[in-house]
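Residue numbers (our numbering): 12 to 77. Glycine included, each C-beta is placed from N, C-alpha and C at the ideal position.
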């Protein structure tokens, strides 16, 4: 069973369908339900390294799908 679609208000959303949950000086990153549905099956995911600094508007990882 798929998880229920939700859009928590504590997330910071980007127009490219990713989001960040900022807690103190750290952030948890993810992609929206729309992006997950559009991508389909993922074949590769390369996240930023733990502790890496990311800047708004710059690339921070890589996702490939079929």
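Asked                                                                                                                                                                             : Found
With DSSP collapsed to three states, give me the class of residue 38.                                                                                                             : strand
Spatial neighbours of residue 45 within its chain, please: CB distance less than 7 angstroms, with the 5 preceding and 5 following residues excluded, ordered by chain position.  : 28
Could you name each continuous alpha helix (DSSP H) segment of 4 residues or more that falls completely within the region 13 to 66, going from the start of the chain to the end? : 44 to 50
Sort out for me which residues DSSP pairs residue 70 with in a bridge.                                                                                                            : Answer by DSSP bridge pairing: none, since residue 70 is not bridged.
Answer yes or no: does any C-beta atom of chain E fall closer than 7 angstroms to that of residue 22?                                                                             : Protein chain content of the structure displayed is limited to a single chain, and chain E is not contained in it.
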